[in-house]
Every structure is written in structure tokens, then in C-alpha cells.
Amino acid sequence: MSRRTDQRRAAAFALYQHDLTGRELDDLFEPDATTFTRALAYAASDYTPDLDAVLERHARGWTVDRIAPLERAIMRVALLEMLHPDAVPGDTPIPPEGAIDEAVETAKAFCSAEAPGFVNGILAAALREHRPAQVRE
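Numbering-wise, the sequence shown is residues 1 to 137 according to full-length UniProt numbering.
1) Check Gly45 in the structure and name its three-state DSSP category.
2) Could you give the DSSP three-state label for residue 138: helix, strand or coil?
3) Give, in chain order, every unbroken run of the alpha helix (DSSP H) that is at least 4 residues long and sits entirely within the UniProt domain "NusB/RsmB/TIM44" (6-128).
4) Exposed or buried, which one is Thr106 when buried takes at least 16 other CB atoms within 10 Å?
5) How long is the line joining the alpha carbons of Leu28 and Gln17, rounded to whole angstroms?
6) Can you give the beta carbon distance from Asp19 to Ala73, rounded, assuming they're within the 8 Å contact cut?
7) So, using beta-carbon positions, are Lys108 and Pro116 closer together than 8 Å?
8) Below 7 Å CB to CB, which residues in the same chain sit around Phe118 once its five sequence neighbours on both sides are set aside?
9) Candidates Asp65, Ala126, Ile100 and His130: which alpha carbon is nearest Arg8's?
10) Expressed to the nearest angstrom, what Euclidean distance is found between the alpha-carbon atoms of Phe110 and Gly22?
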């Protein structure tokens with residue numbers, strides 16, 4: 001597993017399984033999981049309260065618990081890379097629009113037909129909310 005896209009998906013799948021089963025993340029990674037995959041999943045897990053607050057703010061009429069678990073995990077990974085790029089290993093962080101695109105493509109591949117639009121809408125709203133703060137810095 002070398003492509004970052006595959007590594008992001010592996011991190012989201014580990015988070016998804018962790019949410020459903022409560023098992024330790026270490027037990028859920030594939031044997032060939034990269035350092036990036038592991039670090040991304042652990043960081044998303046560490047930032048879950050913050051990421052879920054963003055999800056709830058933008059998923060109008062939905063609580064985080066009502067969001068499908070895989071969609072929630074996919075969005076947590078994307079939000080982590082969008083809002084906390086320093087928490088993710090690597091030389092160059094993915095641009096926020098790239099994180100959104102990767103999340104939408106993952107939702108297209110593995111979730112319901114409605115999921116890509118839902119994921120895109122929430123992540124785009126989060127980007128609009130946080131981009132002004134980045135410009136001021």
C-alpha cells in the first residue's frame with residue numbers, strides 16, 4: 001500500500017472498525033499499514049471531539065451518532081487533514097480541497113449513493129468556516 005489515497009482509506013477503515021467494535025486501533029491495521037496510515041488514524045482518534053464538533057455544526061439536523069459510521073470516519077480523516085495539518089506526518093500537507101476530493105471519492109466507492117453529496121456538503125461548509133481564520137494568520 002503506497003498511494004496516499006489508499007493509506008487515507010486504510011486509516012478511515014481502521015477508525016470505522018474502532019467505532020463499531022471498540023477494539024484498539026493497533027489490532028485493526030493491516031500488517032502492511034504504513035506509518036502514515038497509522039499516524040493519520042491515531043491523530044484522527046485523538047482529535048475526535050474537535051472533529052465531531054465541526055461535523056455537528058455543519059450536519060444540520062443530524063447528530064454525529066446519526067451519521068453512518070463509515071461516512072463519519074471518512075470525514076474525520078479529511079477534517080483532520082484540513083484543520084490540523086501539523087498533526088499529520090509528511091513533508092507537504094494535502095490542500096483542503098484535495099482532502100475533500102479524496103473523501104468524496106472514498107464515499108463514492110464505499111458508501112451509499114447519497115453519501116458523496118453529504119460528505120462534500122459538510123466538508124465544504126467546514127472549509128468555508130475555517131478558511132477565513134487561515135487567511136488572517
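Even for Gly, the Cβ is constructed at its ideal location relative to N, Cα and C.
Taking the structure as given:
1) Your numbering for residue 45 matches position 45 in the sequence shown. The identity of residue 45 in the sequence shown is Ser, whereas the question assumes Gly. Correct three-state label for Ser45: helix.
2) Residue 138 lies beyond the residue range present for the chain, which begins at 1 and ends at 137; the question has no answer from this structure.
3) Those alpha helix (DSSP H) runs which fall completely within the UniProt domain "NusB/RsmB/TIM44" (6-128) and span 4+ residues are 35-46, 48-58, 69-83 and 96-110.
4) In the sequence shown, residue 106 corresponds to position 106, counting from 1. The residue in question, Thr106, is buried, as its Cβ has 16 or more Cβ neighbours within 10 Å.
5) Here residue 28 refers to the residue found at position 28 of the sequence shown. Here residue 17 refers to the residue found at position 17 of the sequence shown. Each residue's alpha carbon lies about 7 Å from the other.
6) As a first step, residue 19 must be located in the sequence shown, where it is residue number 19. As a first step, residue 73 must be located in the sequence shown, where it is residue number 73. Rounded, the Cβ-Cβ distance is 6 Å, consistent with contact.
7) Along the sequence shown, one-based indexing puts residue 108 at 108. Along the sequence shown, one-based indexing puts residue 116 at 116. Yes; because the gap between Cβ atoms is below 8 Å, this pair is in contact.
8) Position 118 of the sequence shown holds residue 118. So the list reads Glu71, once near-sequence residues are dropped.
9) For the purposes of this step, residue 8 is taken as residue 8 along the sequence shown, with counting starting at 1. If we check each option's Cα against that of Arg8, Ile100 comes out closest.
10) Taking the first residue of the sequence shown as 1, we reach residue 110 at position 110. Taking the first residue of the sequence shown as 1, we reach residue 22 at position 22. Distance between the alpha carbons of Phe110 and Gly22: 21 Å.
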